[in-house]
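Line by line, the protein sequences are chains L and G. According to my numbering, the first sequence is numbered sequentially starting from 51. According to my numbering, the second sequence is numbered sequentially starting from 51. Heads up, the beta-carbon is just placed ideally off N, CA and C, and yes, glycines get one too.
There are 2 protein chains.
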Amino acid sequence: MKTFYPKDLSTLEFYGLLQGAVAPRPIAFVSSVDSDGNVNLSPFSFFNLFSSQPPVLIFSPLRRMRDNTTKHTLENVLEVPEVVIHIVHFGMVEQMSLASTEYEKGVNEFDKAGFTQIKSEQVRPPRIKEAQVAFECRVNEVKPLGENGGAGNLVICEVLVAHVNEEVFDESGKIDPRKLDAVARLGGDWYCRASGASLFQIPKPLRNLGIGIDQLPEDVRNSIILNGNNLGRLGNVAAFPTDAQIAEFGRSAEIQEMRIRFQNDPDSLIDHLHLLAKEALDEDDVDRAWLILLQRT
Amino acid sequence: MKTFYPKDLSTLEFYGLLQGAVAPRPIAFVSSVDSDGNVNLSPFSFFNLFSSQPPVLIFSPLRRMRDNTTKHTLENVLEVPEVVIHIVHFGMVEQMSLASTEYEKGVNEFDKAGFTQIKSEQVRPPRIKEAQVAFECRVNEVKPLGENGGAGNLVICEVLVAHVNEEVFDESGKIDPRKLDAVARLGGDWYCRASGASLFQIPKPLRNLGIGIDQLPEDVRNSIILNGNNLGRLGNVAAFPTDAQIAEFGRSAEIQEMRIRFQNDPDSLIDHLHLLAKEALDEDDVDRAWLILLQRT
């Protein structure tokens, strides 16, 4: 491991390290207005959801590192404490990137980036017609985290209304990430598209407490075949199968054949049981994996 | 669009909507200790980077919706205001999920989830040997966002030391997202792996101000062939090519042939120019795309 102390790097270097490491970051595409009603639209990836009741989203415009000036969005929310926060999907990501251009105050990035402005219900800033998700928010507080270039400013936003495109819901009424097709930000020029093979599911851990990796049999815990993800899944069971279940599974042809083949080589028997269990885990069949692993004796 | 007001949904329903929409979220895998030194390790996806100077990370443990109790991590940071925040990579995601099990106070999730504890330099909570990135942090403030079930608590952490595995850097010393292989959280049981084809790059917008989509020629802006991402890229140029460059490109064989083929059908000429420009944009060749598009007259 390489160790870095903030004081040993320039602000820009440490910023690069943080941005590369804390990833992927969701993107708030924020519309705001100044007291004259001039509209601004700008993306921020120092952003997330932080509370459900009250529903709170926070994003952070940084003071610029080159000259310690502030962004129009920050100036606007100090004048008019209201925003619309949109979630960015893949189909609009290049337009979003264009909107991050530092146009002069008064230039409306809706026009520059080719989005359609529609009136919000509860707040003055307009929302983006083309977005899949828009949250109309009241800004409850702006909390500066420092005074110099690179300092963040927490814009603490309470959601008043959420607008979501019907097309991103599944049949049960939940947002389907494959339909949302959201993008996120990483370091440098990198983005990530949450879609296709990049999406996967892990069942929530058991309410009735998984046994944990510390309770796995020693041969399983020290396996050269099973990896950390396999062990994590194996530790998330409430109990082992019963002796009767293990014995019954042991009478299957595949186990009987394996026992005969490796009758004089117990180490190879264990390795082959682990390989077979790994296949079961790759198919999300944890019960079968355990029945296989417990054939070792 | 479907419109949702927080008051019309149960806390749990609105939570589901927010979690599904604000995505993908980076994961803070947080180790903490209580005043007796008992270690806790737990993941939080209400988390991000918020400031570079000072370097600030924030995560938010919610008050439980079912009974308004708080999590061990929150109790610990109120006793000992120090944490280590690790970034989760794909190779450890199932172990991380297991660590999110609600084990009793005093159970060390390092053991349950099979991680190796190593001593931190500047803070009392230990760090995970198997993590690619670990930030030792002082907790500057804990800011509650509400008092009821579902309320977040901002744990505002200042980075004192960063530990990063050498293997995730590229040759220029920057973190390579393909090597980091970070995972993020979405709604329900969904995760996203930032790797392979899900990663893509967009050059930063021009410092000298892109012309913007509002300045594109009308046929380009209203094209039925070019999409929003194509227009976004076309708007991010400082100027059009010169008349001389356009004329020279017009003498190429492919343009000459196209002109002859569609000499009596100007609409088809435009569509075919747009198709050819789209190919150039798909290869990130914006200069060539512009030379093609400006052949229309």
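Query	Result
How many angstroms separate the CA atom of PHE54 (chain G) from the CA atom of PHE64 (chain G)?	8 Å
I'd like the list of long-range same chain contacts for ASP226 (chain L), defined as Cβ closer than 7 Å, with 5 residues on each side in sequence excluded.	VAL218, PHE219, ASP220
Mind pulling the chain L residues with CB within less than 7 Å of GLU329 (chain G)?	Residues of chain L passing the Cβ test: none, with the nearest at roughly 16 Å.
Does the distance from the C-beta atom of ARG113 (chain L) to that of ARG235 (chain L) stay below 7 Å?	no
Count the C-beta pairs between the stretch 256 to 275 of chain G and the stretch 293 to 303 of chain G that are closer than 8 Å, then say yes if the count reaches three, no if not.	no
Run through the DSSP bridge pairs and tell me what LEU91 (chain G) is partnered with.	G:SER81
Thinking C-beta only, is ALA244 (chain L) closer than 7 Å to ALA232 (chain L)?	yes
Look at the Cβ atom of SER150 (chain L), then the Cβ atom of PRO93 (chain L), and state whether they are nearer than 7 Å.	yes
Hey, is LEU272 (chain G)'s beta-carbon within less than 7 Å of any beta-carbon in chain L?	Looking at the sequence itself, residue 272 (chain G) is Asn, so the reference to Leu does not match. Not closer than 7 Å to any Cβ of chain L, the Cβ of ASN272 (chain G) fails to qualify, so no.
Using a Cβ-Cβ cut-off of 6 Å (strictly less than) and excluding sequence neighbours within five positions of PHE79 (chain G), which residues of its own chain qualify?	PRO93, HIS136, VAL138, MET146
Would you check if the distance between the CB atom of CYS242 (chain G) and the CB atom of VAL209 (chain G) is smaller than 7 Å?	no
Identify every residue that forms a DSSP beta bridge with SER376 (chain L).	No information on residue 376 (chain L) is available, as it lies outside the stretch 51 to 347 that chain L covers here.
Flag this pair as touching only if the stretch 93 to 109 of chain L and the stretch 162 to 170 of chain L have three or more C-beta atom pairs under 8 Å; answer yes or no.	no
Report the rounded CA-to-CA distance for TYR153 (chain L) versus LEU281 (chain L), giving the unit in angstroms.	52 Å
Helix, strand or coil, according to DSSP, for TYR55 (chain G) in the structure here?	coil
Note down, in chain order, each residue of its chain lying with its Cβ closer than 8 Å to the Cβ of LEU19 (chain L), except the 5 sequence neighbours on either side.	Nothing about residue 19 (chain L) can be read from this structure; chain L reaches only from 51 to 347.
CA-CA distance, GLU180 (chain G) and ASP84 (chain L)?	48 Å
Would you give the residue range spanned by the alpha helix (DSSP H) that ILE305 (chain L) belongs to?	303 to 311
With H, G and I counted as helix, E and B as strand and the rest as coil, what does DSSP make of PHE219 (chain L)?	strand
Could you give the first and the last residue of the continuous alpha helix (DSSP H) run that contains GLU159 (chain G)?	159 to 162
Classify ALA163 (chain G) as buried or exposed, calling it buried when 16 or more other Cβ atoms lie within 10 Å of its own Cβ.	buried
Count the other CB atoms, across all protein chains shown, that sit within 10 Å of the CB of ALA288 (chain L); report buried if there are 16 or more and exposed otherwise.	exposed
Count the C-beta pairs between the stretch 197 to 213 of chain G and the stretch 317 to 336 of chain L that are closer than 8 Å, then say yes if the count reaches three, no if not.	no
Which residues in the same chain have their Cβ closer than 8 Å to the Cβ of ALA71 (chain G), if we skip the five residues on either side of it in sequence?	GLY237
Look up LYS188 (chain G) in the DSSP assignment and give the residues it is bridged to.	Before going on, a small fix: residue 188 (chain G) reads as Arg here, not Lys. The partner list for ARG188 (chain G) (beta bridge, DSSP) reads G:GLU132, G:GLU208.
Here's a check: name, in chain order, each residue in its chain whose Cβ is nearer than 8 Å to the Cβ of VAL130 (chain L), leaving out the five neighbours to either side.	SER82, VAL83, ASP84, SER85, ARG174, PRO175
Which residue wins for smallest C-alpha separation from TRP240 (chain G), given the options L:ILE252, L:PRO105, L:LYS229?	L:ILE252
Should ASN98 (chain L) be flagged as near chain G, meaning a C-beta pair shorter than 7 Å?	yes
Any C-beta of chain G within less than 8 Å: which residues of the stretch 231 to 245 of chain L qualify?	ALA232, ALA234, LEU236, GLY237, GLY238, ASP239, TRP240, TYR241, CYS242, ARG243, ALA244, SER245
How is the beta strand (DSSP E) around VAL287 (chain G) delimited, first residue to last?	Segment: none, VAL287 (chain G) is in no beta strand (DSSP E) and carries neither H nor E.
Cα separation between MET142 (chain G) and GLY278 (chain L)?	6 Å
For GLY196 (chain L), which option in G:GLU216, G:PRO267, G:PRO104, G:SER273 has the closest C-alpha, if you only look at C-alpha atoms?	G:PRO104
Buried or exposed: where does GLN69 (chain L) fall if 16 or more other Cβ atoms within 10 Å of its Cβ makes it buried?	buried
Under the assumption that PHE185 (chain L) contacts LEU107 (chain L) (Cβ atoms under 8 Å), give the Cβ distance between them as a whole number of angstroms.	6 Å
Which residues of chain L have a Cβ atom closer than 9 Å to the Cβ of ILE263 (chain G), listed in chain order?	GLN145, LEU148, ASP161, LYS162, ALA163, GLY164, PHE165
Tell me, please, whether the CB atom of GLU216 (chain G) is closer than 7 Å to any CB atom in chain L?	yes
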